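So the sequence shown is numbered by full-length UniProt numbering: it starts at 1 and just counts up by one. Where is the CB? At the ideal position from N, CA and C, for every residue including glycine. Just so it is clear, the structure is predicted and the values come from calculations on it, not from any experiment.
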Amino acid sequence: MKSQPDRFALPFIRRSLIGAAVLAMCAGPALAVNPFVVKDIRVEGIQRTEAGTVFSYLPVRVGETFDDAKASSAIKALYATGFFKDIRLEEENGVLVVLVEERPAISSVDFTGTKEFEKDMLVKALSEIGVAQTRIFDKASVDRAEQELKRQYLSHGLYGVKITTTVTPIERNRVTIMFNVDEGEVAKIKGINIIGNKAFSDKQLRQLLELRPSGWFTWYSKADQYSKQKLTGDLETIKSWYLNHGYLEANVESTQVSITPDKRDIYLTLNITEGEQYTVSSVKLEGEMFGREEELKELIVLQPGKTYVGDLQEATNKLIADRLGTFGYAFANVTANPELNREKREVAFTFFVDPGKRAYVRHMNISGNTVTRDEVIRREFRQFESSWYDANRVKLSRDRVDRLGYFKDVKVETPESPGTSDQVDVNIAVEEKPTGNFMIGGAFSQSEKFTFTASISQANFAGSGNTVGIELNTSKYNRTIAFSQTNPYFTDDGISRAFSLYLRTSRPPALNIGSYTVRQMGGNLTFGVPFSESDTVYFGAGLERTELETDLTSPTIYQTFVRQNGGPESGIGKATTNAIPLTAAWGRDTRDSAVTPTRGRFQRANFEIDAIGDAKYYRMVYEHQWWKPLTRWMTLALRGEFDYGKGIGGSAYPVFKNFYAGGIGSVRGYESSSLGVVDPRYYDAIGGSKRIIGNAELQFPFPGSGTDRSLRWFTFVDGGQVFQEDAKIRYDEFRYSAGIGLSWISPVGPLKLSYAKPLNSLPGDRLERFQFQMGTGF
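Here it is, written out as structure tokens:
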């Protein structure tokens, strides 16, 4: 067998045209192929295709007889490859000559004018329909590619897009394909008309929609750009709204999308059929309930005598299925069957309970942890392999992993194990996030201009679950070097150990403030013992040496402390105290996430006492945080803190243990640590031994961020004050503020901004309306 790359270089030899005879066989036997024995096979016209490829598709070999049937099969097989646009078969003195004309290959695919999409994404999309580098050029595929591009642009609201496709032949039978795109302007939604609604106004229903006419924030959210997917979601939202208000038969019968001739404005029309509003007449359970009918009845939240609410029906289904899941019935199914009485406008529900087979867990699988070690995640599991499936334990496992704070997202799936009917696998997929944090806190005020603090920590050091932190502050007024380390699983049963070492020097800025210096050196060791899934008790001890140095300009409270603790009688000089503080604390954490919680509580109580050292005292701290989702997009967050300190045995409470208020974390709108009693000579806040702080926030997703909880804005109200040891707590001395803020868990770290308006400031209060806190992750 031979191949000849260029058939036109051969000398002219008369051949019988077999290909034409084959294509015209239906005309009669006059054009039939005369059978002959193949002495050799030669291929002509190929440039890229290997001759062996052509030979492999031929139904004849050297020495065999070639006839009509084999000629027809050969041409069909070669055309089917898609490599050739013309094929002829000829016979030359017993040699079968195959003459082909190859289709060109695609050398490159490129785009011009594309701004809405990344080129790499377009190249990948077109390769899936056969238009890509090295593929065989096919005009039909290029036409489909052009239509696919238009479809993508239309889905983004670019109805004026124009696409011109240029195919340019180049050497070696190849072509380049260029898609020239004129994107035009984005078509904006100018109006949404709703027809058929009587129970609810157009305004009420429009507020439910993600799609909306152009407005203040649509430049960012792109909610005014039509999308079929968004419209489908909006139709489901409207239907859910009607179901939640008793309209069981409500439906969006049809939608019309019209666009103006200039393809810039879009108008939507929704046609709604409301039907009647139904009241629940009765609710009952049927099916296999294992004698727990009374227990399951208590889970029914759809109440007779009240208007039907679709969400309550779904909640009932889920609550019953989840309760059965705690007994191992992972595939429990609960369906609600309504019986309508249209005359009375009532509906009776029967919940059919099908528990399925009881299942146990085969494997607990972890995926997505590229940094965190498997055992760090697995030790948080409360559902175990080879034990009965328990829905509560699966949820608790997921929440505990999320509360570690190492992951952006934690998802759990419980698929049926392949090849079984009574086993499930629990698959936990995590998405790592940077757990290192370089934190900068700052603010701007007229008195001190710009101030900041900094610290660096690694919450998941080398994927071990241990936290290592270093705090460094080299400012003129506060110098700190501190090292801390926490091992949450110091023992296998979950006892934690934390220790820290620190050296701090603090002196006030030389403004209206008296001069003094506080130097502290010490360390502490703390162990945490878990008593339940959410409760931990801590015990600790420490050593601390404090040196306070004063001069003639120092506030009176500091001079008094020096005098009472071994310093000069004048109170001007140095006093040194040694302390051995003992601590006992309790913490409870039921949040659904440590990073962006939407429900649950976080509580901590700490008691510290030094009955052995020089400055005898005790101090107590209690903090309570609470989150509750009010709607699917709004969360209420409340925080309260009460702190109290007192001297023991006639000793005064140490001034360097005072509590302070003002700034982010307490009462925004006032300078950090500026509230409370001020020194009469220098008007500097000196803190106090008692503090009360209260914060309330309404948290919302940022427009256009969808369900992303890492970016939120919030409104807030703060209140609080600090009081001296011998003073009564007076609520009329509290300071309040209100404002707006932004919280973002950004790719480079957390960021929090707030702008507050003090509500009852008095002359002498130091105000600071804009405050921020930001960090860098690594």
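Alpha-carbon spacing of residue i relative to residue j, whole angstroms
i, j, result
"Asp354", "Leu319", "14 Å"
"Glu343", "Ala336", "21 Å"
"Thr232", "Asn193", "16 Å"
"Val283", "Phe714", "41 Å"
"Ala71", "Glu44", "17 Å"
"residue 783", "Ala145", "Outside the modelled stretch of the chain, which goes from 1 to 778, sits residue 783, for which no answer is possible."
"Arg48", "Gln256", "52 Å"
"Phe770", "Leu638", "21 Å"
"Ile413", "Asp726", "Here residue 413 is Glu; the residue named in the question, Ile, does not match the sequence. Taking the straight line from one Cα to the other gives about 58 Å."
"Ser737", "Tyr489", "41 Å"
"Lys228", "Gly196", "22 Å"
"Ala575", "Asn606", "28 Å"
"Arg362", "Pro750", "39 Å"
"Thr65", "Ala140", "38 Å"
"Asp402", "Arg323", "23 Å"
"Gln446", "Asp311", "Low confidence applies to Gln446: its pLDDT is 41, below 50, so where it sits in the model is not reliable, and the reading given next is rough at best. Distance between the alpha carbons of Gln446 and Asp311 is about 53 Å."
"Arg285", "Phe351", "Note that residue 285 is Leu in the sequence shown, not Arg. Their backbone Cα atoms lie some 5 Å apart in a straight line."
"Gly687", "Leu548", "16 Å"
"Glu128", "Val181", "20 Å"
"Phe531", "Trp586", "10 Å"
"Phe36", "Val98", "15 Å"
"Asn392", "Val426", "13 Å"
"Glu768", "Leu552", "30 Å"
"Phe111", "Ser500", "59 Å"
Residue interval of the beta strand (DSSP E) (run including residue i)
i, result
"Met364", "360-367"
"Asp535", "535-550"
"Ile272", "265-273"
"Ile259", "251-259"
"Leu96", "95-102"
"Glu725", "Premise fails: Glu725 is in no beta strand (DSSP E) and is neither H nor E."
Candidates the options, of which the one nearest residue i by Cα
i, options, result
"Met634", "Phe351, Arg212, Leu698", "Leu698"
"Ile580", "Phe642, Ala541, Ser593, Leu58", "Ala541"
"Ile495", "Leu96, Asn487, Ser258", "Asn487"
"Ala661", "Glu608, Val621, Gly191, Gln721", "Gln721"
"Phe527", "Arg519, Val537, Gln520", "Val537"
"Lys119", "Val142, Leu149, Ile129, Ser281", "Leu149"
"Gln303", "Val280, Val97, Gln564, Glu293", "Val280"
"Gln625", "Lys616, Gly640, Tyr57", "Gly640"
"Gly571", "Tyr558, Lys162, Leu675", "Tyr558"
"Ala69", "Thr53, Asn34, Ala51", "Asn34"
"Ser689", "Val677, Asn695, Ala696", "Val677"
"Val468", "Asp40, Ile136, Arg604, Gly436", "Gly436"
C-beta atoms of residue i and residue j nearer than 8 Å
i, j, result
"Glu380", "Ser397", "yes"
"Phe407", "Glu375", "no"
"Phe656", "Thr546", "yes"
"Phe702", "Leu711", "yes"
"Lys761", "Arg735", "Reading off the sequence shown, one finds Ser at residue 761, where the question assumed Lys. Yes, they are a contact pair."
"Ser484", "Ala462", "no"
"Tyr618", "Ile609", "yes"
"Lys357", "Asp265", "no"
"Thr164", "Ser108", "no"
Range covered by the alpha helix (DSSP H) that runs through residue i
i, result
"Thr53", "51-57"
"residue 784", "This structure does not reach residue 784, given that the chain is present from 1 up to 778, and the question cannot be answered."
"Gln152", "139-155"
"Ala77", "68-80"
"Ala429", "Unbroken run through Ala429 is the beta strand (DSSP E), 423-432; no alpha helix (DSSP H)."
"Leu126", "119-127"
"Arg378", "374-378"
"Val677", "Premise fails: Val677 is in no alpha helix (DSSP H) and is neither H nor E."
Beta-bridge pairing of residue i - partner residues as DSSP gives them
i, result
"Ser282", "Ala348"
"Asn524", "Ser500, Gly542"
"Tyr644", "Met620, Lys690"
"residue 802", "Outside the shown range of the chain (1 to 778) lies residue 802, about which nothing can therefore be said."
"Met178", "Asp110, Thr166"
"Pro750", "Ile745"
"Trp586", "Val537, Ala605"
"Phe327", "The partner list for Phe327 (beta bridge, DSSP) is empty, contrary to what the question assumes."
"Ser737", "Asp718, Pro758"
"Leu636", "Lys628, Leu698"
"Tyr516", "Thr550"
"Glu768", "Gly669"
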